[in-house]
Amino acid sequence: MPQRAATIVGGGIGGLAAAIALHRRGWRVEVLERAPEFTEIGAGISLWPNALRALDALGLADTVRALGAVEAAGGVRDRKGRWLTRTDNAELTRRFGHPLLVLHRADLLRALAEALPADSLRPDSEVSQVRDDDHGPAVEHPGGASRPDLVIGADGLRSAVRGALWPRAAGPRYAGYTAWRMVTEPLADPPAEGAATWGRGERFGYTALPGGRMYCFATASLPAGTTSDSSEHDELLRRFGSWPDPVPRLLAAVPPDAVLRHDLYDLPPLPSFVRGRVALLGDAAHAMTPNLGQGACQALEDAVTLAHCLDSAPDDLAAALHSYDLLRRPRTQAITRRSARLGDMGQLAWPPAVLLRDTAARLMPAWATLRSMTPVLGWTAPGEQSTTTENETP
Numbered sequence: 002m003p004q005r006a007a008t009i010v011g012g013g014i015g016g017l018a019a020a021i022a023l024h025r026r027g028w029r030v031e032v033l034e035r036a037p038e039f040t041e042i043g044a045g046i047s048l049w050p051n052a053l054r055a056l057d058a059l060g061l062a063d064t065v066r067a068l069g070a071v072e073a074a075g076g077v078r079d080r081k082g083r084w085l086t087r088t089d090n091a092e093l094t095r096r097f098g099h100p101l102l103v104l105h106r107a108d109l110l111r112a113l114a115e116a117l118p119a120d121s122l123r124p125d126s127e128v129s130q131v132r133d134d135d136h137g138p139a140v141e142h143p144g145g146a147s148r149p150d151l152v153i154g155a156d157g158l159r160s161a162v163r164g165a166l167w168p169r170a171a172g173p174r175y176a177g178y179t180a181w182r183m184v185t186e187p188l189a190d191p192p193a194e195g196a197a198t199w200g201r202g203e204r205f206g207y208t209a210l211p212g213g214r215m216y217c218f219a220t221a222s223l224p225a226g227t228t229s230d231s232s233e234h235d236e237l238l239r240r241f242g243s244w245p246d247p248v249p250r251l252l253a254a255v256p257p258d259a260v261l262r263h264d265l266y267d268l269p270p271l272p273s274f275v276r277g278r279v280a281l282l283g284d285a286a287h288a289m290t291p292n293l294g295q296g297a298c299q300a301l302e303d304a305v306t307l308a309h310c311l312d313s314a315p316d317d318l319a320a321a322l323h324s325y326d327l328l329r330r331p332r333t334q335a336i337t338r339r340s341a342r343l344g345d346m347g348q349l350a351w352p353p354a355v356l357l358r359d360t361a362a363r364l365m366p367a368w369a370t371l372r373s374m375t376p377v378l379g380w381t382a383p384g385e386q387s388t389t390t391e392n393e394t395p
């Protein structure tokens, strides 16, 4: 059989993971990335057990684990710093086979890129046109026109591939709040546990990175496109500088020019992730808010599942892509909805609703919180044996 070829549009986590999965199955792959290099800037990323299971399937879990940090525990606090919920990472590992790993996005992307042949990575390759006609799919870019067997759209929230082949699909929808992300300088005494602190229409979270650094994030309910009167660092100090320790201490350790700010969006459900010989994955298919920490995790699942489906039906691309859509669309769209609901709860601002939310969270047992995450974290790569203990009595 002639070697099959795939063009992947978008060199982020999902696109590179898909390229790795196909390359290891003998496909010829090219990854078109519009940026001048394959990298990410300025933020951390949480990889939950389902993501590490996907990385296991790619043969990269050990490599990635060596780049990250595992916290002993974490949870949610109220505006006064009191714990509402707590999670033991050892119990997370016992139930789902892997811990929660936190690392810098740039480190993860570098590990993925290094797992591919250098000549398959094509930066500075912004796609100008994507089509699928009687002659097969075609992608036009500065290097010419590619005519692969398969095109994978992994080009993010405002996907050019989705726009070209799903022109009537609804566009991204604003979640109602903006987010700041930042990484501290190394701390002499970093917090031993991570936490998300819930306020009224605002949140501030932090988690450990290797080397004594902390990844921090914050949200505030604001109209889309709102800008700060001063620097974003000053805005964070104004909003969160009087919050309970260690929030002020963490903000003091953030370089003033190292704060990233983005309004948050998710994607309304698409009727299919597949059109002809083109498939979407990651944010291009199901962009979600970061409240569950599942955006990259679901992109990694997508990549592994797509490769498995293609491998299972090597002579029938349409059947393989149909299987991929049936496996991935219901799951990712359900997680998108769940993440949106959690974000709405975290952003509550009316005092009686905040009191009810905090009380309910405080009364929920830790085992119940973990069990509720089983549908998300208990995913197993196609063809792999599950190690999840979701049926055990807590």
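Using this note's numbering, read the sequence shown as starting at 2 and increasing by one per residue. Every residue gets a Cβ at the ideal spot worked out from N, C-alpha and C, and that includes glycine. Only a predicted model underlies this, so the values are computations on that prediction, with no experimental measurement involved.
Any non-hydrogen atom of the ligand ATP closer than 7 Å to residue i Cβ
i	result
R5	Summarising the ligand content, the structure contains no ligands, and the ligand ATP is consequently not present.
Beta-carbon proximity check, residue i vs residue j, cutoff 8 Å
i	j	result
L104	I46	yes
T8	V152	yes
G27	P138	no
S232	P257	yes
I14	L109	yes
A62	L56	yes
L65	S121	Going by the sequence as given, residue 65 is Val instead of Leu. Their beta carbons are not under 8 Å apart, which means V65 does not touch S121 by this criterion.
A6	D125	no
A20	L117	yes
A44	V184	yes
G154	V10	yes
A170	L271	yes
M346	R363	no
A58	A314	no
T306	V248	no
Alpha-carbon to alpha-carbon, residue j and residue i
i	j	result
M374	L261	29 Å
R329	D230	42 Å
A18	L281	13 Å
A119	R80	48 Å
A304	D89	29 Å
V279	L343	32 Å
P312	R25	The question names Pro, but residue 312 in the sequence shown is Asp. Each residue's alpha carbon lies about 11 Å from the other.
P168	V275	13 Å
D134	L166	11 Å
P376	G145	43 Å
T394	T86	Residue placement at T394 is flagged as unreliable, the pLDDT there being 36, under the threshold of 50; a coordinate-derived value is accordingly withheld.
R411	V140	Any property of residue 411 remains undetermined from this structure, which presents the chain solely from 2 to 395.
R339	L158	18 Å
L378	F97	7 Å
Q299	G283	7 Å
A107	A367	32 Å
A219	R132	40 Å
P3	D316	11 Å
T227	E302	34 Å
Identified DSSP bridge partners for residue i
i	result
W84	R78
E203	A221
L261	R182
L102	L48 and V71
A196	Y207
L33	V10 and R123
M215	A209
D89	A74
Enumerate, from N- to C-terminal direction, the unbroken alpha helix (DSSP H) stretches of 4 or more residues contained entirely within the region 117–181.
161–166
If we count Cβ pairs, one from each stretch, closer than 8 Å, do we get three or more for the region 272–290 versus the region 329–345?
yes
Would the region 65–73 count as touching the region 313–322 if we require 3 or more Cβ pairs under 8 Å?
no
So, does the region 234–248 touch the region 203–214, judging by three or more C-beta pairs under 8 Å?
yes
May I ask you to verify whether the region 173–186 touches the region 264–271, counting CB pairs closer than 8 Å and requiring at least 3?
yes
Does the contact criterion of 3 or more C-beta pairs under 8 Å hold for the region 33–42 versus the region 95–113?
yes
Quick test of the definition: if touching needs 3 or more C-beta pairs under 8 Å, does the region 211–226 touch the region 182–193?
yes
Completely contained beta strand (DSSP E) runs for the region 222–294, where each covers 3 or more residues:
261–267 and 279–281
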